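Here the structure comes first, spelled out in structure tokens, and everything after it is commentary.
Residue numbers (this note's numbering), protein chains in the order written: chain Z, 1 to 526; chain C, 1 to 526.
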């Protein structure tokens, strides 16, 4: 028996495109000899439509899409994810469609942590059974059910193998594939997984659909971060298979962000981007990522020096623009900054220049970038990194402006690794000086990040303990970090929750990205 | 038997303050003859701590708070809401504490719609039993369980009456009290409810704790939107009671916003506010609300006219400032606007003035307000209304700036009613001309809102159908709205999701407020 793993990139709510893609892939699979084609979780609508599930017309369109697929795929059995309504209740279903007959297996354990919110939309199912395809008894499981008690119950029914459909968000510090390998080994059952690929707003799906033999060894694997179609012969279940590969983290993050940016533009129907190029590492990496993902002809940079900008900032930026062959404007903000001072002079009378004046520069830059965006339709890319977002080393409505944040889930230390990776793999486009100079916001004379913050390796170490590993202050100190520094950093993190509340969507590449799904009350005293 | 309904305003995570308040209220109740004191759902930590529930030190502090309460309330039985951990599982519990002995009833039906996200933190309980207080058998229920099957099961155990503890978010278009009245009547059981009062960030809790006899008539009622302590004698269960009162919607919204604003400032430790006063109705109502809630000495206004500002805008604003006796600056932005034009002249060469130039004015104003906020620590109040938020008639990083939005859940037509209410009840502080003039953003000559948008009564009617009533386009048209207008409005609503993504927290007064809990994917084509 030959099973096609159809790993596709769906556009939420774009039923016409999704259905067309599903039907043509089913046909292609049949032509290539497949006996069964498997699509990912909630394929007909794309994962995850969030509150569109509350709209009755959206559910109707999902049902119409399924009907169309049933009609067009009469000659090949398929398994496909779709929402299934029963009265007022909605289920996250895997539909097995064979010659117009539909059987379903619905998700039993609804995840409701971090970015997943399935109890909001779905009822948990309590029914389970094997499906029969050409005499093969298959345990069909949706998403994380394969890691939980439903799999244990299905295993007792003695299936020949497992088919799991999923839409698992990518994060560099977790591996769904590793968990699947352990499931195959635990139940001594071959396992085929079809995972969603593509990005929807901040959420990135890796794809990397995979097949394991009963020893948890890999017998087939789809590509990461792109569409793919692999046909797996069940005869392969007897082959020795290979160990699960581990990818380089920086390469993986680079690919994830590239897909995230490309899909955001493609699915929003955007063409051109704009960013503020400061001469620092963050905006340089954003420019490099954007040029790589969108093409240099689609990325415009704006340099906005003041009197506090060092000359090398402009020179380094111009050098990078030369190397990337992309367009730019230089818009000095010195006169505007002075005019702003004149405007505020009465209100600010008798006060000393400080944070307010520093932030004015950042907000003038934000306004210039947005003006350019409004005028020409270029979408503003935010250039903040995760370390800054965490401690609020950024100006709300200033450098926090943007339609999408590429690096908001990437710590500063990882930004440096990304820069090195880019220079090795995308041509040597980031000038060495940008990578080696001491980081500075250049909002006052001789300012350096390290005047206000701990060194980035210390800062990122503490943040990683607190965020990704959910450790308490005491636990972090016990790891050897200086107690005062830990308290200082955590105090900052908590104090600037209000800034992150208004941050742009951040491409998620870790298990703990800032964003709407990470909700901490602003008014809490904790 | 005398039961105290202890309706208190808790500060999330401020255990010291919450515990002190709980203990002193228990003592006061005992002094006033109470035999049992009832506190609201999750009282020890305040509702709702959201992702703080993921922090082990937070849960430990909750447990410590409960221990302190047990020790200090040994001489009076109490019922109090607290998170209860059992291994790795967490429950939303009502604890009955009597002479150091603790019995618990945990929430069985976890709400996960709109602003509620309890599956994210809690496990549903499956145990239920009555509690015995001085021989009285009480059905103790947490939150919405009283409206669902757990109540039906508890009723079969023949309790003498029901005690419900809750933290139900306020919305003017729903009535928890009405539902409770129906429960009392349905089961023919007296019902006492203690509800949380106060606001946490965007969420407002009305309080209005209430007691019904077995006919669903009101026999006691706490105040709305403030702390209260009422002692109910169970002898009253036999009294005839009164019909549930209906409050005026506008009055209720006024009180809700006032509490929301006051609590945001009190709980964040803020004193002073700043806002941009345009001469229009929205900023006038925000000024009036702020002066009423925070005191006129704590509210500073900034007038930022351009050449497009009509003279009456400034005059009307000055008249209102005179009536409210609050401070202000006039900071004309004409020179800044021109300087901005100079800065952009090369980049914008050959283009015609349009939206980009209009938005520049709004963003300069946003930057001035934030500069003032940064300099003096005044918190910027956002002045957008719900109609604007819905259709994106606002500038991101411009008039969408702010720390808190007071009117972002109030339709424009309701803003007018609020203005009338304020002039009737808070002194005649809003000049008549502000209320009667045609609304305008004044970003180009002779601009009027109605040039770009349908009349507000039509617009708000359509939005209300789509948002609060979740109707489809076809259903809205069937109600008699012009088809083209409906399509135009819904297209706008969907297109500007990206703006709302970065909006400030919005005080929620309806059942469908914009905000992080209302999540629609940006990249959806739907």
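C-beta: ideal position from N, C-alpha, C; glycine also. Please read these numbers as outputs of a predicted model, since none were measured by experiment.
query	result
Helix, strand or coil at residue 208 of chain C [DSSP, three-state]	coil
CB contact below 8 Å: residue 201 of chain Z versus chain C	yes
Complete alpha helix (DSSP H) runs within the segment 133-196 of chain Z (minimum length 4 residues, chain order)	149-155 and 176-187
Close Cβ partners of residue 393 of chain Z (< 8 Å) along its chain, the five nearest in sequence each way excluded	387, 441, 449, 452 and 453
Proximity below 8 Å, CB of residue 79 of chain C to CB of residue 39 of chain C	yes
Min CB distance residue 100 of chain C to chain Z below 8 Å	no
Bridge partner(s) assigned by DSSP for residue 242 of chain C	C:218
Cross-strand partners of residue 91 of chain C (DSSP beta bridge)	C:84
Span of the alpha helix (DSSP H), counted from its first residue to its last, around residue 450 of chain C	449-452
Supposed contact pair residue 139 of chain C and residue 159 of chain C - C-beta distance, whole angstroms, cut 8 Å	4 Å
Nearest-angstrom Cα separation, counted from residue 297 of chain Z out to residue 325 of chain Z	8 Å
Below-8 Å beta-carbon distance, residue 69 of chain C vs any chain Z residue	no
According to DSSP, residues forming a beta bridge with residue 343 of chain C	BP columns for residue 343 of chain C are empty, so no partner.
Residue 204 of chain Z beta carbon less than 8 Å from that of residue 508 of chain Z	yes
Host beta strand (DSSP E) of residue 103 of chain Z (start-end)	101-106
Chain C contacts from the segment 145-170 of chain Z (Cβ-Cβ distance under 7 Å)	none
Validate contact between the segment 357-370 of chain Z and the segment 429-448 of chain Z using beta carbons, cut 8 Å, 3 pairs	yes
Contact set between residue 172 of chain Z and chain C, taken where Cβ atoms lie within less than 9 Å	Result: empty, since nearest Cβ-Cβ is about 20 Å, beyond 9 Å.
Chain C within 8 Å of residue 13 of chain Z, Cβ atoms only	yes
Given 8 Å, three or more beta-carbon pairs between the segment 50-70 of chain C and the segment 80-100 of chain C	yes
Residue 58 of chain Z: contacting residues in chain C (beta-carbon distance under 7 Å)	526
Cβ-heavy atom distance, residue 473 of chain C to the ligand NAP, below 7 Å	For the ligand NAP, the structure offers nothing, since it holds no ligand at all.
Per-residue burial, residue 21 of chain C [other beta carbons within 10 Å of its own, 16 or more giving buried]	buried
Of the residues Z:47, Z:464 and Z:125, the one placed nearest residue 197 of chain Z, counting alpha carbons only	Z:47
The alpha helix (DSSP H) enclosing residue 462 of chain Z, as first and last residue numbers	456-466
Rounded straight-line distance, which links the Cα of residue 510 of chain Z to that of residue 339 of chain C	43 Å
Rounded C-alpha distance that separates residue 583 of chain Z from residue 124 of chain C	Residue 583 of chain Z cannot be examined here, being either before or after the span of chain Z that is shown, 1 to 526.
Residue burial classification, residue 258 of chain C (beta-carbon count within 10 angstroms, cutoff 16)	buried
Assumed close pair residue 486 of chain Z, residue 201 of chain C - CB separation to whole angstroms, cut-off 8 Å	With a Cβ gap of about 26 Å, residue 486 of chain Z and residue 201 of chain C do not count as contacting.
Within 8 Å, strictly: CB atoms of residue 341 of chain Z and residue 363 of chain Z	no
Where residue 470 of chain Z meets chain C, residues with beta-carbon distance less than 9 Å	54, 55 and 56
Close Cβ partners of residue 73 of chain C (< 6 Å) along its chain, the five nearest in sequence each way excluded	26
Among C:434, C:401, C:291 and C:64, nearest to residue 317 of chain C - alpha-carbon criterion	C:434
Cα-Cα separation between residue 174 of chain C and residue 56 of chain Z, rounded to whole angstroms	22 Å
Reduced DSSP secondary structure (H/G/I, E/B, other) of residue 224 of chain Z	strand
Cα-Cα separation between residue 313 of chain C and residue 406 of chain C, rounded to whole angstroms	21 Å
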